[in-house]
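K.L.:
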């Protein structure tokens, strides 16, 4: 039993240890195991005691110890491992102890520590192997400059620990003279994202071996797999990545870029795959998320991206430990690029059964034939025809898969006969590389085998980027359906291997195409002179989708989150619709007027309140294009676009542009005589003028917005107008009036069920309470909001809450907690590449100056660095569960 002692408070370092393989050791030593256990305890307790460790618990062969500083814990662990290595164990055995160390600020409760820091330290220890000491990033950050002699840190990358939501960046103590090479950590793995192919990789053993060797060569950081569409580049890249998972401790990430056409969206797609919070999804903020990673990125389908070379080159510069594999039809021409042309699958030399069965091309045919006819086998009777089909298709994987799908209705001989006929007709007078022609002809052959009804249905599906649910499919194909069942037509195309069916968010079917097949479908749509009509149907459908989502943004939190998820799922389709609608009717010209109209309407709805954080840059791009090509005639949709553009510019820090377009929006709504739109536009103009320091103009604009909203009896507009008016009065230091307006806004939002609006109002009420000398009330208000803020976001609101809550804690003399929150918030601003708003900086400066002055510089720095190594979300969660006492 451990004696009760006074536990250290504030920032402490926790160490967990136990004996690896203790059960096996017990079975070998028998009664002598007790002597080994006593020896282990003797060595460890000596190390703990010499460096100020407080033993909190011992059970069997395990220890739980707390140290006042991170250097003390690391020095004790290194000493213990050295002394364990030379100890004379019974029967010549060796006792190997694993240790995990983490630094945090757990709460003392009833003579013990509670909080996530304790669980994190235990999980880190559980991931280690015998003889290994693993430490968290928080600990590594504090000891990097003061390690004991003969000890260094080795970066193990980011790992997912059981029951811990965020990946943990882990390090290993390498102690001179002791083993330093261990098996991979026993975690849930690095945070990787590779697709799971439905079938094994066939016929690529040679290429895999060659590419694996190339990737292991010193200095190789960019490998580009080239070849025509359908040659198997993507499947080979995924197979290669699967081989290399263990070599990249920070994970392997597959980024599909088939629907991406601009570099900004390429950056966003990479960030989304990495799980980067929305506020950090664009450079330079994104670079802080990749700079330290030892990771492999598979960037798939780059040929349609003119700026892809620049993105890849910048990624390699900003992330020196990252390795990239790309797939494209042509090289990127980036320095250091290693180009690997992907050959067709191996064809058999003869039609003998054994020779053909060993061929990758024939194996692929058989595998896909068995998917639609399970009893199909390669036999002496059909081997010649199967071999001939594979040769006729040049060994191209996609072409073979399409042909094999027909085995459900046709035998190999019948497939060969029809294939020859189709290709003979199709190749007459055609241009282009032979393999591309073969693939195109094979898709064409599958297309020609469809009925005219199925063909029309197939080519219309080509307008969808990233797939489509059944409502979307119906919207563009309803004219063709007649009495036919939609699912029957989809099943026909699935049988022909021309579409893939997955699941939507609601569990309903979602139809998608391989990009090569989609390109063919779009080409057929052009040839049928249907492209413009179908794209218009597509754009109008997604306009209706975002119109349905908008009201959900002003409702309960569950609706808001559902709307965001749905928007992100359909984002590629929104992008595709806008790209088509804003495309010039002829080179150097302007888009057609009806196309501009739908683009402006789509921008007015899609980029209003749905995009948050990382989408502001993209929203600004689309809105700017739509506004620039609009004919100039006043319209509600154009007025909304101008208001949306003002908000996007504000959030990106471009106040002059924001003020310009907000002013245009207000003028347009006045000309239209539309007080609904005018009220909203005046709110944005007021926020612009407030940020620019013109409080008189800001107050005039928002007071007019309040009057208009009341006249309209529009509660939601009135709530937001009162919220803005409260912010203006707050900046003017009229705190009583600010509190009155903010409480009125919060009450309106609460009665309407608008959780996010209510959160924003209550947050600013808490800020007003602090400024009025009521920090205790402000602390309770802010702490109560933490779970909802973290659940609903948007993420940029997280850092604002952390800063304002820290200022409140500083007023209450909880200076250490304030320092940690400020450190975490500063780290977040660096990650997202956007500095703190000057108004916010001025608001919190005095409180933090007070906290700094109240603590010794070393103590302030220790807590600030501890917070800097953590996430805002983790710290807020801890403070909500365990608020500072007193």
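In the numbering used here, the protein residues as written are 49 to 934. In this text, a Cβ means the ideal position worked out from N, Cα and C, and glycines have one as well. Since the structure is predicted, the reported quantities are computational estimates derived from the model, not experimental observations.
Go through its chain and collect everything with a Cβ distance to residue 449's Cβ below 6 Å, but skip five positions before and after it.
P.N.:
Residue 449 sits at position 401 when you count from the first residue of the chain shown. Only 416, 545 meet the Cβ criterion.
K.L.:
Tell me the residue span of the alpha helix (DSSP H) that contains residue 543.
P.N.:
Taking the first residue of the chain shown as position 1, residue 543 is located at position 495. That run of the alpha helix (DSSP H) goes 534-543.
K.L.:
Beta carbon of residue 742, beta carbon of residue 719: below 8 Å?
P.N.:
Locating residue 742 in the chain shown gives position 694, counting from the first residue. Locating residue 719 in the chain shown gives position 671, counting from the first residue. No. Outside cutoff.
K.L.:
Using a Cβ-Cβ cut-off of 7 Å (strictly less than) and excluding sequence neighbours within five positions of residue 447, which residues of its own chain qualify?
P.N.:
For the purposes of this step, residue 447 is identified with residue 399 of the chain shown, where counting begins at 1. Cβ neighbours of residue 447 beyond the five flanking positions: 278, 441, 486, 487, 490.
K.L.:
In angstroms with no decimal places, state the Cα-to-Cα distance between residue 829 and residue 813.
P.N.:
Working through the chain shown from its first residue, we reach residue 829 at position 781. Working through the chain shown from its first residue, we reach residue 813 at position 765. Rounded to whole angstroms, residue 829 to residue 813 spans 8 Å at the Cα level.
K.L.:
Do residue 443 and residue 396 have their C-beta atoms closer together than 8 Å?
P.N.:
Here the question's residue 443 lines up with position 395 in the chain shown. Here the question's residue 396 lines up with position 348 in the chain shown. Cβ atoms of residue 443 and residue 396: not closer than 8 Å.
K.L.:
Taking Cβ to Cβ, would you say residue 730 is nearer than 8 Å to residue 753?
P.N.:
Counting from 1 along the chain shown, the entry for residue 730 is found at position 682. Counting from 1 along the chain shown, the entry for residue 753 is found at position 705. In contact: residue 730 and residue 753 (Cβ atoms closer than 8 Å).
K.L.:
Quick one: grab the DSSP three-state call for residue 224.
P.N.:
As a first step, residue 224 is located in the chain shown; it is residue number 176 there, counting from the start. Looking at residue 224 - three-state DSSP - the assignment turns out to be coil, as it is neither helix nor strand.
K.L.:
Could you give the residue range of the beta strand (DSSP E) that holds residue 376?
P.N.:
The count along the chain shown starts at 1 and reaches residue 376 at position 328. Counting along the chain, the beta strand (DSSP E) containing residue 376 begins and ends at 371-376.
K.L.:
Grouping DSSP H, G and I as helix and E and B as strand, with all else coil, what is residue 303?
P.N.:
To locate residue 303, count along the chain shown from 1; it is residue 255. Reduced to three states, the DSSP call for residue 303 is strand.
K.L.:
Quick one: Cα of residue 251 to Cα of residue 109, how far?
P.N.:
Taking the first residue of the chain shown as 1, we reach residue 251 at position 203. Taking the first residue of the chain shown as 1, we reach residue 109 at position 61. Whole-angstrom Cα-Cα distance: 51 Å.
K.L.:
Could you check the C-alpha separation between residue 821 and residue 147 for me, to the nearest Å?
P.N.:
By one-based count along the chain shown, residue 821 stands at place 773. By one-based count along the chain shown, residue 147 stands at place 99. Roughly 48 Å between the two C-alpha positions.
K.L.:
Please report the straight-line C-alpha distance between residue 842 and residue 664, rounded to a whole angstrom.
P.N.:
Locating residue 842 in the chain shown gives position 794, where the first residue counts as 1. Locating residue 664 in the chain shown gives position 616, where the first residue counts as 1. Looking at the two C-alpha atoms, the distance is approximately 12 Å.
K.L.:
Taking only runs of the alpha helix (DSSP H) that begin and end inside the region 550-589, which ones reach a length of at least 4 residues, in chain order?
P.N.:
Complete alpha helix (DSSP H) runs here, min 4: 563-575.
K.L.:
Can you tell me where the alpha helix (DSSP H) holding residue 312 begins and where it ends?
P.N.:
Position 264 of the chain shown, counting from 1, holds the residue named residue 312. Element bounds for residue 312: 311-322.
K.L.:
Of the residues 284, 908, 667, 552, which one's Cα is nearest the Cα of residue 254?
P.N.:
Position 206 of the chain shown holds residue 254. With distances taken between Cα atoms, residue 254 lies closest to 284.
K.L.:
If you drop the 5 nearest sequence neighbours on each side, which residues of the same chain put their C-beta closer than 6 Å to that of residue 591?
P.N.:
As a position in the chain shown, residue 591 is number 543, starting the count at 1. Result list for residue 591: 649, 650, in chain order.
K.L.:
For residue 266, which of 384, 376, 183, 378 has the nearest alpha-carbon?
P.N.:
The count along the chain shown starts at 1 and reaches residue 266 at position 218. Ranking the options by Cα distance to residue 266, first place goes to 384.
K.L.:
Using only the alpha-carbon positions, how far apart do residue 916 and residue 536 sit?
P.N.:
As a working mapping, residue 916 is identified with position 868 in the chain shown. As a working mapping, residue 536 is identified with position 488 in the chain shown. Those two C-alpha atoms are separated by around 56 Å.
K.L.:
On the premise that residue 360 lies in contact with residue 372, defined as a C-beta separation below 8 Å, what is that separation, rounded to the nearest angstrom?
P.N.:
Stepping through the chain shown from its first residue, residue 372 is reached at position 324. Stepping through the chain shown from its first residue, residue 360 is reached at position 312. With 8 Å as the limit, residue 372 and residue 360 qualify as a contact, their Cβ atoms being about 6 Å apart.
K.L.:
Rounded to whole angstroms, what's the CA-CA distance from residue 407 to residue 422? Just pull it up for me.
P.N.:
Position 359 of the chain shown, counting from 1, holds the residue named residue 407. Position 374 of the chain shown, counting from 1, holds the residue named residue 422. So the alpha carbons of these two residues sit roughly 20 Å apart.
K.L.:
Could you compute how far the alpha carbon of residue 707 sits from the alpha carbon of residue 838?
P.N.:
Residue mapping note: residue 707 aligns to position 659 of the chain shown, counting from 1. Residue mapping note: residue 838 aligns to position 790 of the chain shown, counting from 1. Distance between the alpha carbons of residue 707 and residue 838: 31 Å.
K.L.:
Please tell me whether residue 672 and residue 690 are closer than 8 Å, where the distance is taken between their beta carbons.
P.N.:
Translated into positions along the chain shown, residue 672 becomes position 624. Translated into positions along the chain shown, residue 690 becomes position 642. Going by C-beta atoms, residue 672 is not nearer than 8 Å to residue 690.
K.L.:
Would you list, in sequence order, the uninterrupted beta strand (DSSP E) runs of no fewer than 3 residues that lie entirely inside the region 230-304?
P.N.:
If we require 3 residues or more, the beta strand (DSSP E) runs fully inside the region 230-304 come out as 270-274, 300-304.
K.L.:
Give the secondary structure of residue 774 by DSSP, where H, G and I count as helix, E and B as strand, and everything else as coil.
P.N.:
Within the chain shown, numbered from 1, the residue matching residue 774 stands at position 726. Looking at residue 774 - three-state DSSP - the assignment turns out to be helix.
K.L.:
Using the Cα positions of residue 471 and residue 549, report the straight-line distance between them to the nearest angstrom.
P.N.:
Taking the chain shown and counting its residues from 1, one reaches residue 471 at position 423. Taking the chain shown and counting its residues from 1, one reaches residue 549 at position 501. Its pLDDT being 47, under 50, residue 471 is placed unreliably by the model, and the measurement read from it follows with that caveat. If you take the alpha carbons of residue 471 and residue 549, they lie about 28 Å apart.
K.L.:
Between which residues of its own chain and residue 858 is the CB-CB distance below 7 Å, once the five residues before and five after are set aside?
P.N.:
As a first step, residue 858 is located in the chain shown; it is residue number 810 there, counting from the start. The answer, listed in chain order, is 866, 895, 896, 898, 899.
K.L.:
Among the residues of its own chain, which have a CB less than 8 Å from the CB of residue 923, if the five just before and after it don't count?
P.N.:
Position 875 of the chain shown, counted from the start, is the residue given in the question as residue 923. Once the five neighbours on either side are set aside, the close Cβ partners of residue 923 are 850, 868, 869, 872, 915.
K.L.:
Mind checking residue 234: buried by the 16 CB within 10 Å criterion, or exposed?
P.N.:
Within the chain shown, the letter at position 186 stands for residue 234. The residue in question, residue 234, is exposed, as its Cβ has fewer than 16 Cβ neighbours within 10 Å.
K.L.:
For the alpha helix (DSSP H) that contains residue 803, what are its first and last residues?
P.N.:
Along the chain shown, one-based indexing puts residue 803 at 755. Residue 803 -> alpha helix (DSSP H) spans 803-819.
K.L.:
Which of helix, strand or coil does DSSP assign to residue 147?
P.N.:
Here the question's residue 147 lines up with position 99 in the chain shown. Three-state DSSP puts residue 147 in a strand.
K.L.:
In whole angstroms, what is the alpha-carbon distance linking residue 773 and residue 844?
P.N.:
Residue numbering aside, residue 773 sits at position 725 when the chain shown is read from its first letter. Residue numbering aside, residue 844 sits at position 796 when the chain shown is read from its first letter. Looking at the two C-alpha atoms, the distance is approximately 22 Å.
K.L.:
Quick one, which of 579, 528, 595, 521 has its alpha-carbon nearest residue 559's?
P.N.:
Taking the chain shown and counting its residues from 1, the one referred to as residue 559 is at position 511. Checked all of 579, 528, 595, 521; the closest Cα to residue 559 is 521.
K.L.:
Starting from the C-beta of residue 404, find all residues in its chain whose C-beta is less than 6 Å away, skip the five residues before and the five after it, and write them out in chain order.
P.N.:
On the chain shown, residue 404 is found 356 positions in, with the first residue counted as 1. These residues qualify, in order along the chain: 396, 410, 431, 435.
K.L.:
Taking all protein chains shown into account, do 16 or more other C-beta atoms lie within 10 angstroms of the C-beta of residue 480, making it buried, or fewer, making it exposed?
P.N.:
The residue labelled residue 480 in the question sits at position 432 within the chain shown. Because residue 480 sits at a pLDDT of 41, beneath the cut-off of 50, its placement in the model cannot be relied upon, and the point is left open.
K.L.:
If you measure between the beta carbons of residue 149 and residue 170, is that distance less than 8 Å?
P.N.:
Walking along the chain shown from the start, residue 149 turns up at place 101. Walking along the chain shown from the start, residue 170 turns up at place 122. No, Cβ-Cβ distance for residue 149 and residue 170 is not below 8 Å.
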